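There are 2 protein chains.
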Amino acid sequence: MQTSQQSTKERILSAAEVLFARHGFDGASLRQLTAAAGVNLAAVNYHFGSKDRLVEEVFRRRLDELNSRRLKALARIAGHPETTLEDVLAAFIKPALELSHDGSGTLFMRVLARAFAEHDDTLRRFLSENYGHVMRQFTAEFARLLPHLSKEELYWRIDLVTGALTHAMSGFGMIQRKSDVTETMHREQTAAHLIRFSAAGLSHP
Amino acid sequence: MQTSQQSTKERILSAAEVLFARHGFDGASLRQLTAAAGVNLAAVNYHFGSKDRLVEEVFRRRLDELNSRRLKALARIAGHPETTLEDVLAAFIKPALELSHDGSGTLFMRVLARAFAEHDDTLRRFLSENYGHVMRQFTAEFARLLPHLSKEELYWRIDLVTGALTHAMSGFGMIQRKSDVTETMHREQTAAHLIRFSAAGLSHP
DNA sequence: GATAGCCTTAAACGATCGTTTGACTCAGAC
DNA sequence: GTCTGAGTCAAACGATCGTTTAAGGCTATC
Chain E
918 MQTSQQSTKE
928 RILSAAEVLF
938 ARHGFDGASL
948 RQLTAAAGVN
958 LAAVNYHFGS
968 KDRLVEEVFR
978 RRLDELNSRR
988 LKALARIAGH
998 PETTLEDVLA
1008 AFIKPALELS
1018 HDGSGTLFMR
1028 VLARAFAEHD
1038 DTLRRFLSEN
1048 YGHVMRQFTA
1058 EFARLLPHLS
1068 KEELYWRIDL
1078 VTGALTHAMS
1088 GFGMIQRKSD
1098 VTETMHREQT
1108 AAHLIRFSAA
1118 GLSHP
Chain S
918 MQTSQQSTKE
928 RILSAAEVLF
938 ARHGFDGASL
948 RQLTAAAGVN
958 LAAVNYHFGS
968 KDRLVEEVFR
978 RRLDELNSRR
988 LKALARIAGH
998 PETTLEDVLA
1008 AFIKPALELS
1018 HDGSGTLFMR
1028 VLARAFAEHD
1038 DTLRRFLSEN
1048 YGHVMRQFTA
1058 EFARLLPHLS
1068 KEELYWRIDL
1078 VTGALTHAMS
1088 GFGMIQRKSD
1098 VTETMHREQT
1108 AAHLIRFSAA
1118 GLSHP
C-alpha cells in the first residue's frame, strides 16, 4: 500500500489537516479521520501516540514551512536602503496567503485561525516559541522603516495588521472569491489589498 | 431558589457564556455547565430544548445588544455634514469593545471569535441575518464619506477593518493589558488605535 | 383539600469518543 | 528455516457525551 501511495503517517496528516479545518479539533473524530485516510483506527495512536500529538504535528509541518518562507523573503530585502514598507509587508503576507493555497488546502489557515480561537495556553506558547524570532525580525525591519513610531505604537499597529491578515486568510469575511476569478488571482488581489491597507495603517502620522 | 437569585434560565445563560468562551461549544459539556450554574442537568433541555438552541440563545442575547448600540451610535451621526470617518469608525468599534467588557464578560467576544473560527454555515447564516442590515447601514455611511472608492474597494477595506477589530477584541494578539492599566483605560487605548489604524487603511488613496 | 401546570430531580439511555489490546502479516537478518 | 520487529487489523475498554424518562415538589386556582 505504501508503494503506490503515501505512507500511512502522511496519509493521516493530510486527512487530519482537512478534517480539523472542517470540523475542529474536537469535532473531527479519529474514526472519521482514519476512515478518510484509509487507514486503521489504531494507526493514529501507533504513529503519533495520541490525538493531541497529531494536532501538534499538523501544526508543526505547516508552520515550519511558513516560517522558512517568511524569513527567506525577509532576508532578501532586510536592511537594504531601497526596501519599502510594502516590500516588508509582502514578505510577511504573501507566504501566509500562499500557504493557505498550497497543496491540500486553503484549509490550513482555518486550522490556525481556529487554534487562535481555542485560546489554549499550551498552543499559544507553542506558537510563540516557533514564531517569536520571526516576529522579532519583522518588527525590527518595520521599526527601521518607521522610525517616527514609538515601540508601543509599532507593536499595536503590527498586531492590527496580523488581525487583518488572519481574517483575510481564514475566509471569514464578506469578500468571497467569485466563480469567474481563479484562486491564484484572488490570492493576489487579497495580497494587494492587504498590503496597501496595512501600509496605510502602519505609516500614518 | 429563584427568589434570592436569578432564574434557572438566566443562571444557565450566564454560566454558558463563561464556559463556552473558555472551553468552546463542544468542549464545554452540559454537566460542567449545569454544575457551574447550580442547576440540574436536565434543565438545559427543559428550558432550551437542546444544547444547540442554548448556544443560539447565548449569541442572540449579546448580539441584539451589540446591534442596537451600534445602530444607535450610527443614527446620531449618519448623514451629518460634519461627521468624520473617525466618528463612524467609533460607532462601529466602541460598542463592540464595550460589549467585551460588559458584565459577565470579556468573554463573549471570545465566544464570537470562536464561532467565526468554527466556520459553521448555520451560524454564519444566523450572523448574516442578524447583522446584515447593520453592516449595510455602516457601509452606506462609509461610502458617503469615501466617495473616491469603488464599491468593491470599499468592501475589501471594511472587511479588513472587521478583521483587525475581531482580532483586537478577542485578545489574541501580542498586545495584552498590563497590570498597571485599568480595563477601561486599555479598552479606550484599543479603540483609539483601532480607529486611527482603520481610518488610515480605509481612506488612503 | 383536591387539581392542574410549571419546574426540578435522580437515574438511566444509546451513542460516540480516545485509547488499548492481542493476534496477525510480512519483509529482512542471521 | 527461524527469528525479530515494525506495521496493520478487528475488537473491545472505560469514559463521557446530549438527551430522555418518570417521579415528585411546589404554587396558584377553584
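Top to bottom, those sequences are chains E and S.
Terminal number for the first sequence in this note's numbering: 1122, no gaps in between.
Terminal number for the second sequence in this note's numbering: 1122, no gaps in between.
Backbone N, C-alpha and C fix where the C-beta goes; we use that ideal spot for every residue, glycine too.
All values derive from a computational prediction rather than experimental measurement.
Problem - Within chain S, partners of Asp943/E - CB distance below 8 angstroms - result: Position 26 of the first sequence, counting from 1, holds the residue named residue 943/E. In chain order: Gly941, Asp943 and Gly944.
Problem - CB contact flag (Phe1043/S, Glu973/S, <8 angstroms) - result: Position 126 of the second sequence, counted from the first residue, corresponds to residue 1043/S. Position 56 of the second sequence, counted from the first residue, corresponds to residue 973/S. Yes. Within cutoff.
Practice task
Would you mind stating whether Val935/S and Val975/S have Cβ atoms separated by less than 8 angstroms?
Solution key: Here the question's residue 935/S lines up with position 18 in the second sequence. Here the question's residue 975/S lines up with position 58 in the second sequence. No; because the gap between Cβ atoms is not below 8 angstroms, this pair is not in contact.
Practice task
Can you have a look at Val1098/E and say buried or exposed, based on whether 16 or more other CB atoms are within 10 angstroms of its CB?
Solution key: As a first step, residue 1098/E must be located in the first sequence, where it is residue number 181. Its Cβ having fewer than 16 others within 10 Å, Val1098/E is exposed.
Exercise for the section: State yes or no: is the beta carbon of Glu1003/E nearer than 8 angstroms to at least one beta carbon in chain S? Expected result: Mapped onto the first sequence, residue 1003/E falls at position 86. So no, Glu1003/E is outside the interface.
Practice task
Within 10 angstroms of the Cβ of Ala938/E, are there 16 or more other Cβ atoms? Answer buried if so, exposed if not.
Solution key: One-based indexing of the first sequence puts residue 938/E at position 21. Answer is buried; the Cβ neighbour count reaches 16.
Practice task
With 7 angstroms as the C-beta to C-beta threshold (strictly closer), list the residues of the stretch 1064-1086 of chain S near chain E in chain order.
Solution key: Going along the stretch 1064-1086 of chain S in chain order, one finds Tyr1072, Trp1073, Arg1074, Asp1076, Leu1077, Thr1079, Gly1080, Ala1081, Thr1083, His1084 and Ala1085 with a Cβ nearer than 7 angstroms to chain E.
Handout entry: Cβ-Cβ distance between His1084/S and Thr1056/E below 8 angstroms
Key = What you label residue 1084/S is simply residue 167 of the second sequence in a count that begins at 1. What you label residue 1056/E is simply residue 139 of the first sequence in a count that begins at 1. With contacts defined as CB atoms closer than 8 angstroms, His1084/S and Thr1056/E fail to qualify as a contacting pair.
Handout entry: Distance between Arg987/E and Tyr1048/E (C-alpha atoms, nearest Å)
Key = Locating residue 1048/E in the first sequence gives position 131, counting from the first residue. Locating residue 987/E in the first sequence gives position 70, counting from the first residue. Cα-Cα distance, rounded: 11 angstroms.
Practice task
Evaluate the contact criterion for the stretch 993-1004 of chain S versus the stretch 1102-1120 of chain S: three or more CB pairs, one atom per stretch, below 8 angstroms.
Solution key: yes
Exercise for the section: Measure the C-alpha to C-alpha separation of Ala990/S and Leu1111/E and round it to an integer number of angstroms. Expected result: Residue 990/S sits at position 73 when you count from the first residue of the second sequence. Residue 1111/E sits at position 194 when you count from the first residue of the first sequence. Just so you know, the alpha carbons of Ala990/S and Leu1111/E end up roughly 28 angstroms apart.
Exercise for the section: Could you pull the start and end residues of the alpha helix (DSSP H) that His940/S belongs to? Expected result: Counting from 1 along the second sequence, the entry for residue 940/S is found at position 23. Per DSSP, the continuous alpha helix (DSSP H) segment holding His940/S begins and ends at Thr925 to His940.
Handout entry: Cβ-based contacts, 9 angstroms cut-off: residues of the stretch 970-1004 of chain E near chain S
Key = none
Problem - Contacts of Ala1117/S in chain E (Cβ-Cβ under 7 angstroms) - result: Mapped onto the second sequence, residue 1117/S falls at position 200. Those are Ala1117, Gly1118 and His1121, listed as they occur along chain E.
Problem - Unbroken stretches of the alpha helix (DSSP H), 4 residues or longer, contained in the stretch 1051-1091 of chain E - result: 1068-1086
Problem - Closer than 7 angstroms: Ala1085/E CB and nearest the ligand NAP heavy atom - result: In terms of ligand content, the structure shown is empty, and the ligand NAP therefore cannot be addressed.
Problem - Neighbour flag for Leu1111/S against chain E, beta carbons, 8 angstroms - result: Here residue 1111/S refers to the residue found at position 194 of the second sequence. For Leu1111/S, the answer is yes, since a Cβ of chain E falls inside 8 angstroms of its Cβ.
Handout entry: Residue-level contact to chain E via CB, Phe937/S, 8 angstroms cutoff
Key = Within the second sequence, residue 937/S is the residue found at index 20, counting from 1. It does not: the Cβ of Phe937/S has no partner Cβ on chain E nearer than 8 angstroms.
Handout entry: DSSP state of Gly1118/S mapped onto helix, strand, coil
Key = In the second sequence, residue 1118/S corresponds to position 201, counting from 1. Helix at Gly1118/S.
Exercise for the section: Measure from the alpha carbon of Ser931/E to the alpha carbon of each residue in Glu1015/E, Leu971/E, Phe1009/E and Glu1069/E, then state which is nearest. Expected result: In the first sequence, residue 931/E corresponds to position 14, counting from 1. Closest by alpha carbon: Leu971/E.
Handout entry: Simplified DSSP assignment, three categories, for Asp1004/E
Key = Looking up residue 1004/E in the first sequence gives position 87. DSSP, reduced to helix, strand and coil, places Asp1004/E within a helical segment of the structure shown.
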